[in-house]
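S.K.:
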Amino acid sequence: DVKVTQSSRYLVKRTGEKVFLECVQDMDHENMFWYRQDPGLGLRLIYFSYDVKMKEKGDIPEGYSVSREKKERFSLILESASTNQTSMYLCASSRGGGGTYEQYFGPGTRLTVT
Amino acid sequence: KNQVEQSPQSLIILEGKNCTLQCNYTVSPFSNLRWYKQDTGRGPVSLTIMTFSENTKSNGRYTATLDADTKQSSLHITASQLSDSASYICVVSRQTGANNLFFGTGTRLTVIP
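Residue numbers (this note's numbering), protein chains in the order written: chain B, 46 to 159; chain E, 220 to 332.
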C-alpha cells in the first residue's frame, strides 16, 4: 500500500519567512511532484523530479525551489513566503512518468502566510 | 491549447440518487484519462483510468465513460451515499512532453440525507 506523507497538515508563517515543506514516499517511486491547489484553479504543478538530484519546472515555479537528495524525499522550499503563496500544497509520487502510472497523493499541507 | 473542463462546478443530490459528472478536454495527442476522488482535507485518489480504446470502466458504483472522438468523458455515480461527498477531478494525460498531465478544476459533489 503506497503511502505518501507530508510533514505538516497545517502551517502558518509570516511574510518573508523561509518555509520548508517535506514529502516522503515509501514505495521506491522514481517520480515525485509538488502541486498547489486553489479554489477554482484546480491543481497546478510547481516542480517535479524524475530522479535523485533531478528537478524540472512545472507550470508555476516562480517563488519556489525544490530539493531531492534522497529518492524517497522531495522538499518544497519557499525562499521568502508571500501572502499569495497561501494555498493547499499537495505532494505526489508515481512509479514512472508519462501519465501511464497512477500518481499517489499525500494528505496535503494547508499553508497560510500572514 | 491543452485544456480540461469539468461541469458542473458543484452539485447537490439526495442520498440514493444517481448523478453524472462531465469532463471535456482538448488535450492532444491523448494518452489516457483518469478520474480522481478527493475527500475534504485529503489528497486525490484514483478511481478509474481509461485509454483511447476503452469506452467504459467501472469501479463499484462508479462508472466512467470515454468518447475519444468527441473528447468527452463522464463519471456516473449510482445509488449515491453520503461518503460520495467529495470533489471529483478529471485528469488527462498527453502522450508527449515531460509535463504532460492536465487537470480539470473538479466538481464538488454534496450528497444530503
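Beta carbons: idealized from backbone N, C-alpha and C, even for Gly. Since the model is a prediction, treat every value here as computed from it, not as a measurement.
Is it buried or exposed for glycine 61(B), if we count other Cβ within 10 angstroms and need 16 for buried?
M.R.: The residue given as residue 61(B) occupies position 16 in the first sequence. It is exposed - the Cβ of glycine 61(B) has fewer than 16 other Cβ atoms within 10 Å.
S.K.: Using the DSSP secondary-structure output, state which residues sit across from glutamate 101(B) in a beta bridge.
M.R.: As a position in the first sequence, residue 101(B) is number 56, starting the count at 1. Answer is Phe93(B), bridged to glutamate 101(B).
S.K.: According to DSSP, what are the bridge partners of lysine 58(B)?
M.R.: Along the first sequence, one-based indexing puts residue 58(B) at 13. In the DSSP output, where bridge partners are listed per residue, lysine 58(B) has Val158(B).
S.K.: Taking Cβ positions only, does proline 263(E) come closer than 7 Å to chain B?
M.R.: Working through the second sequence from its first residue, we reach residue 263(E) at position 44. Output row for proline 263(E): interface = yes.
S.K.: Measuring only the C-alpha atoms, how far is lysine 98(B) from tyrosine 92(B)?
M.R.: To locate residue 98(B), count along the first sequence from 1; it is residue 53. To locate residue 92(B), count along the first sequence from 1; it is residue 47. For lysine 98(B) and tyrosine 92(B), the distance between alpha carbons rounds to 13 Å.
S.K.: Quick one: what does DSSP say serine 272(E) is sitting in, helix, strand or coil?
M.R.: Start at 1 with the first residue of the second sequence, and residue 272(E) comes out as number 53. Reduced to three states, the DSSP call for serine 272(E) is coil.
S.K.: If you measure from the beta carbon of threonine 324(E) to each beta carbon in chain B, is any gap under 7 Å?
M.R.: One-based indexing of the second sequence puts residue 324(E) at position 105. Cβ-Cβ to chain B under 7 Å: yes for threonine 324(E).
S.K.: Do the region 277-287 of chain E and the region 226-233 of chain E meet, that is, are 3 or more Cβ pairs less than 8 Å apart?
M.R.: no
S.K.: Would you mind stating whether valine 330(E) and serine 293(E) have Cβ atoms separated by less than 7 Å?
M.R.: Reading the second sequence from its first residue, position 111 is the one you call residue 330(E). Reading the second sequence from its first residue, position 74 is the one you call residue 293(E). No, these two residues do not count as a Cβ contact at 7 Å.
S.K.: Which class does serine 302(E) belong to by DSSP, given the choice of helix, strand or coil?
M.R.: For the purposes of this step, residue 302(E) is taken as the residue at position 83 of the second sequence. Assignment of serine 302(E) by DSSP, reduced to helix, strand and coil, places it in the helix class.
S.K.: So with CB distances below 7 Å, who are the chain B contacts of leucine 320(E)?
M.R.: Counting from one through the second sequence, the residue named residue 320(E) turns up at place 101. Going along chain B in sequence order, the residues near leucine 320(E) (Cβ under 7 Å) are Gly144.
S.K.: How long is the line joining the alpha carbons of phenylalanine 321(E) and cysteine 238(E), rounded to whole angstroms?
M.R.: Looking up residue 321(E) in the second sequence gives position 102. Looking up residue 238(E) in the second sequence gives position 19. The straight-line gap separating the alpha-carbon atoms of phenylalanine 321(E) and cysteine 238(E) is approximately 24 Å.
S.K.: Cβ closer than 9 Å: which chain B residues qualify as neighbours of asparagine 251(E)?
M.R.: Here residue 251(E) corresponds to residue number 32 of the second sequence, with the count starting at 1. What asparagine 251(E) touches in chain B: Gly144, Thr145.
S.K.: Less than 7 Å between CB atoms is the rule here; does leucine 121(B) satisfy it with respect to chain E?
M.R.: Taking the first residue of the first sequence as position 1, residue 121(B) is located at position 76. No, leucine 121(B) does not count as interfacial toward chain E.
S.K.: Let me know the secondary structure DSSP gives asparagine 221(E) once reduced to three states.
M.R.: As a position in the second sequence, residue 221(E) is number 2, starting the count at 1. The answer is coil: DSSP assigns asparagine 221(E) none of H, G, I, E or B.
S.K.: Name the DSSP beta bridge partners of valine 246(E), please?
M.R.: Your numbering for residue 246(E) matches position 27 in the second sequence. Per DSSP, none; premise fails for valine 246(E).
S.K.: With distances taken between CB atoms, is the gap from serine 94(B) to arginine 113(B) smaller than 7 Å?
M.R.: Here residue 94(B) corresponds to residue number 49 of the first sequence, with the count starting at 1. Here residue 113(B) corresponds to residue number 68 of the first sequence, with the count starting at 1. Yes. Within cutoff.
S.K.: Compare the C-beta of leucine 56(B) against all C-beta atoms of chain E and say whether one is closer than 7 Å.
M.R.: Stepping through the first sequence from its first residue, residue 56(B) is reached at position 11. Judged by the 7 Å Cβ criterion, leucine 56(B) is not in contact with chain E.
S.K.: Residue range of the beta strand (DSSP E) that lysine 115(B) falls in?
M.R.: Position 70 of the first sequence, counted from the start, is the residue given in the question as residue 115(B). From DSSP, the beta strand (DSSP E) with lysine 115(B) extends over 110-115.
S.K.: To which residues does DSSP link methionine 77(B) through a beta bridge?
M.R.: Position 32 of the first sequence, counting from 1, holds the residue named residue 77(B). Answer is Ser94(B), Ser138(B), bridged to methionine 77(B).
S.K.: Please classify glutamine 300(E) as buried or exposed, where buried requires at least 16 neighbouring CB atoms within 10 angstroms.
M.R.: Along the second sequence, one-based indexing puts residue 300(E) at 81. It counts as exposed.
S.K.: Once the 5 residues before and after glutamate 67(B) are set aside, which same chain residues still bring their CB inside 6 Å of it?
M.R.: Stepping through the first sequence from its first residue, residue 67(B) is reached at position 22. Closer than 6 Å at the Cβ level, and outside the excluded window around glutamate 67(B), lie Ser52, Ser120.
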